Amino acid sequence: MTGNTQEGADARQPLPFMERTPLIAGNWKMNLDHLQAIALVQKLAWGLSDVRHDFSAAEVAVFPPFTDLRSVQTLLAADKLSLTLGAQDVSPHEAGAYTGDISAAMLAKLDVSYVLVGHSERRQGHGESDETVGLKARAAHASGMVPMICVGETAADLEEHGAAAIPVAQLTTALAQLPEDAEFVVAYEPVWAIGSGQAATPEQAEDVARALREHLRDLRGDDRAARTRILYGGSVASQNIAGFMRQPNVDGALVGGASLKVDEFTRIIQFQKHVTAG
Ligand code: 13P
């Protein structure tokens, strides 16, 4: 379990202790058709049963492309697999003339639990604003799913504003659209670290995660700030996962490329072994 000490934070009282179940999430991006998806989930389930993974110690979620969701849902249900299903995006609209969009209700019907909103590849490639990201988060919540709000600075932002300012601003605008009591997950993904093989250091990830959590105290109060999971994403691999998971404010990882390799993803999920090994 990750803790939530507030070393180095401002003079405020520490947050109440709250156990946050770590979450290891695999974002497949635009990879794997539905047959390949079935094969990967089957291999992953076998791999995890081999190592006797304790799902109460770390939740595991997969985020396949839309076209794979039905197949993966059916497999998870038929084989009673403890993996959680996520979607990579959602329309902010309920229904109607939005060609190519997928509604939150459609995803909820497929037993989707988490929805990524505001991934940098959507912000950059599809011009999504912070407000749109918030509206998508609201749509996911309204259909009973948990939005995973992605935030992160570009290399230019980092140079100009430091690491935390842009992620904090992105989260603030997105949360303005979300009801006060809504559950959400935050994924801190520095854009410069995504797919580059150059991950942030554990200390960099912790600094931003702590800043985000401190800001959540102002926006949502201590209880929500203490129970919200904040993940790190960007070139996560089995070699570096332990360093991130040792940080008190980092509660898991959003894994891209490495989540497509079953053995590597299984090693990442088994991070406790490396964490306790020091
Ligand atoms: P990589 O792990 O491939 O860097 O991707 C991170 C990411 O964007 C996950 O959403």
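Just so we're aligned: 268 in the working numbering is position 192 of the sequence shown, and the numbers increase by one with no gaps anywhere.
Virtual Cβ for every residue (Gly too), placed ideally from N, Cα, C.
Just so you know, these numbers come straight off a predicted model, no measurement behind them.
query                                                                                                                 : result
Exposure of P90, with buried meaning 16 or more beta-carbon neighbours within 10 Å                                    : exposed
Proximity winner among P278, L108 and E282, relative to Q315 (alpha-carbon distances)                                 : P278
Closest Cα partner of Q274 within the set R289, V262, V261 and G309                                                   : G309
Residues of its chain near R343, where Cβ-Cβ distance is below 7 Å and the 5 sequence neighbours each way are ignored : S314
I225 - partner residues in DSSP beta bridges                                                                          : V193 and V262
Heavy atom of the ligand 13P within 8 Å of S314 beta-carbon                                                           : no
Neighbouring residues (CB closer than 6 Å to any heavy atom of the ligand 13P)                                        : N103, H195, E265, I270, G271, G309, G310, S311, V312, L330, V331, G332, G333 and A334
Three-way DSSP call (helix, strand, coil) for I100 in this model                                                      : strand
T81, DSSP secondary structure in three states                                                                         : Legend: pLDDT at T81 = 46, less than 50; position of this residue unreliable, value from coordinates given subsequently. Three-state result, T81: coil.
Cα-Cα separation, V261 to T304                                                                                        : 6 Å
W122, buried or exposed, once every other Cβ within 10 Å from all chains shown has been counted against 16            : exposed
Sufficient close CB pairs (3 or more, under 8 Å) joining the region 232-246 to the region 166-178                     : no
Inter-stretch contact at 8 Å, needing at least 3 Cβ pairs: the region 286-295 / the region 241-261                    : yes
Of the listed residues A171, P92 and T97, nearest to L307 (C-alpha basis)                                             : T97
Per-residue burial, V267 [other beta carbons within 10 Å of its own, 16 or more giving buried]                        : buried
For V331, the nearest candidate out of A101, L288 and F93 (CA to CA)                                                  : A101
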